[in-house]
Every structure is written in C-alpha cells, then in structure tokens.
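Comments concern the structure below.
Residue numbers (full-length UniProt numbering): 1 to 341.
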C-alpha cells in the first residue's frame, strides 16, 4: 500500500510594507500605475495582439507613445542604475578573480555581467579620457627645432624604404613634443585595439590542442586587456611619493601573477606548461606591441603635413662669418684698451 504524500505547506504571506528593506518612491509607483493604465491591446512595433506588459515577439514595452518628461527621466535613471549595477558587479571579479569572467562567459552565465567588448570599450574610454584630462605626456616633452623646407624636399626625393625612414626621422626631429603626443594618442586606441586579435591569435596557436573557438580566445584577450587598463587607471592618479611606492609595486607585481593565474584557470593545464606558455606569450606580445606602437608613431608622423613642420618655431643661429667678426672686434677692442693703459 502506497502512502499518500504529505500535503504541501501553505504559501507564506507577503511581507508587510513596513518590513521591506527598500520601497519604490511614491512618484515611481505613480508613474508605473499610469503606464499600466495606458497599456494597449496591440504592440506598436510589430502589430502583435497582446495585453501583456511586454510584447512576446519583439520585447517592446506595451505602452502608449505619449509619455511625459518625468517618465523619460525615469527611464534614463532606470537604465543608468541597471548599467551601473552591472558594471560594479563586473568590476570586482575583473580585478580580484583572474579568469572568472571568461569562465562565466563560457558557461553561458552572461546576463549578470557586462559583455566583454562593452567592458573593454568602457574602461579604455575612461582611461584615455583620464589621460587627456591629466595631460599625461609620457613619450616626448621637449620641443625640437624645425627643419628647413629644403631638407624635407631632399628627404622626399630619396627613393625606396630608406628615403621614407629618413623622412620620418626628420619629421620626428622637427615636430614639437606636444604635437607629436597629440598625433600619437589619437592613433594609440586603434593600435591597442589591433593588438586584441593578435593576442588572441597567439593564444590560439599556443592552445591549439584545446580545440577552443577563436571567439573564446578573443573574450579572454578582452578581459585581460580590460584588467590592464584598469590597473593603469588605478596607478595614474597615485602621486610620485615614497608613501605610494608599495601600492604601485603591488600593482606591478599583481599584473604578471594575474595573467598567470588567468591562463591556469581558464585553460586548465599544469603549472609547468602554463608558466612556459605564459613566458612565450609575454615575449611575443612585447614584440607585437612594439611593432604596433612603432607603426602608430609612423602613421602619426605621416598625418602631420609639411606646412606644419615649416611653420614650427625655429631657433635663430648666427652665421660663422658674423661670429668671427664679433670675436675679432672684441679682441681688437680689448687689445686697444690694454695698449692705451
């Protein structure tokens, strides 16, 4: 004889409004009631008959087109809070848990976090905006003297690759530091973005036996580069004093440790293989990064016209004949004074 299953317990009553930790403001509840009252019977986007809050076909909210200005601000606020909560939920594991976001993306848990490409674009945009605000000039700070138009003409008439390289070297010596920095920083985001598929290509070559798709390596590269720019964002505002030496040193040590732990956690190989492949990856990445930065510098130099080089301020140099005359006149003057005495 089969015993009857025990009856299910009754559902718990809803909590009292006073016991809730957070309640929506009265204005928000009032706006929601108005939107529910204006709900139609047909989707305005795809003409699907529906009375639900959202269309089952396209997902658009089933509400009247005519909305007030307060509702527009409420939608913007809700969207900002949603993106902000996602960003904060993504930022902590990005910095403290190497490889966690890539594993979550591979397992299909993607709605809780910002997408890898959006995360990379957001952090790099904040980084370059921060650099432009702080006027960070890392590469060249001194102004150089401009060269003459004849030298530019001679360099342009030289044939072949050596003539092109000679022209770019003359341009580099002629352009002032801030002007070259502006041209370089304008091309640097594109150069670093080009490094992403190259970095993923090196990963695909090193882990070719893992039979992973190239997109998975791209996602790992996006998360790693987002972490690198996040570390730079943290380190840039730190003052150059002795008290901040240990935090900077800690960040500098955390970058290679983070990369090693991320490779170990995502690709799941042993420590010896991971350390060897991390060394190969770092070596090839340094070479590719140097070539990419050199190409961006050359492209930045080619974007500067010859007219700007000629108009650059020059330092007047005295001719040899004038210098000889002045020195001889000074010598005669001192000799005559000595004889007169």
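Each residue gets a CB set at the ideal place from its N, CA and C atoms; glycine is no exception.
Among the options, the one whose alpha carbon lies nearest that of residue i
| i | options | result |
| --- | --- | --- |
| residue 95 | 232, 277 and 189 | 232 |
| residue 211 | 268, 225 and 191 | 268 |
| residue 237 | 262, 133 and 51 | 133 |
| residue 258 | 275, 246, 244 and 131 | 275 |
| residue 250 | 262, 264, 263 and 235 | 235 |
| residue 228 | 271, 207, 245 and 192 | 192 |
| residue 254 | 11, 97 and 7 | 97 |
| residue 189 | 7, 6, 296 and 8 | 296 |
Residue environment, residue i, which counts as buried when at least 16 other CB atoms sit within 10 Å
| i | result |
| --- | --- |
| residue 240 | exposed |
| residue 55 | buried |
| residue 113 | buried |
| residue 262 | buried |
| residue 226 | buried |
| residue 256 | exposed |
| residue 116 | buried |
| residue 105 | buried |
| residue 119 | buried |
Residues near residue i in its chain [Cβ-Cβ closer than 8 Å; skip 5 each side]
| i | result |
| --- | --- |
| residue 230 | 91, 94, 95 and 123 |
Contact with chain D by residue i, beta-carbon distance below 9 Å
| i | result |
| --- | --- |
| residue 88 | In the structure shown, chain D cannot be found, because there is only a single protein chain. |
Nonlocal neighbours in the same chain, by C-beta distance under 7 Å from residue i, ignoring five residues either side
| i | result |
| --- | --- |
| residue 214 | 200 and 204 |
| residue 266 | 99, 102, 103 and 220 |
| residue 247 | 238 |
| residue 87 | 114 |
| residue 89 | 112 and 113 |
| residue 61 | 53 and 54 |
| residue 278 | 259, 260 and 263 |
| residue 292 | 191, 194 and 195 |
Inter-residue CB distance, residue i and residue j (contact presumed, cutoff 8 Å)
| i | j | result |
| --- | --- | --- |
| residue 223 | residue 101 | 5 Å |
Contacting residues, own chain, Cβ-Cβ under 6 Å from residue i (five flanking each side not counted)
| i | result |
| --- | --- |
| residue 42 | 49 |
| residue 57 | 46 and 48 |
| residue 51 | 41 |
| query | Taking one C-beta from the region 109-116 and one from the region 125-136 each time, how about it: are there three or more such pairs within less than 8 Å? | reply | Verdict: no, contact absent.
| message | Pairs of beta-carbons, one from the region 194-205 and one from the region 213-232, closer than 8 Å: are there three or more? | response | yes
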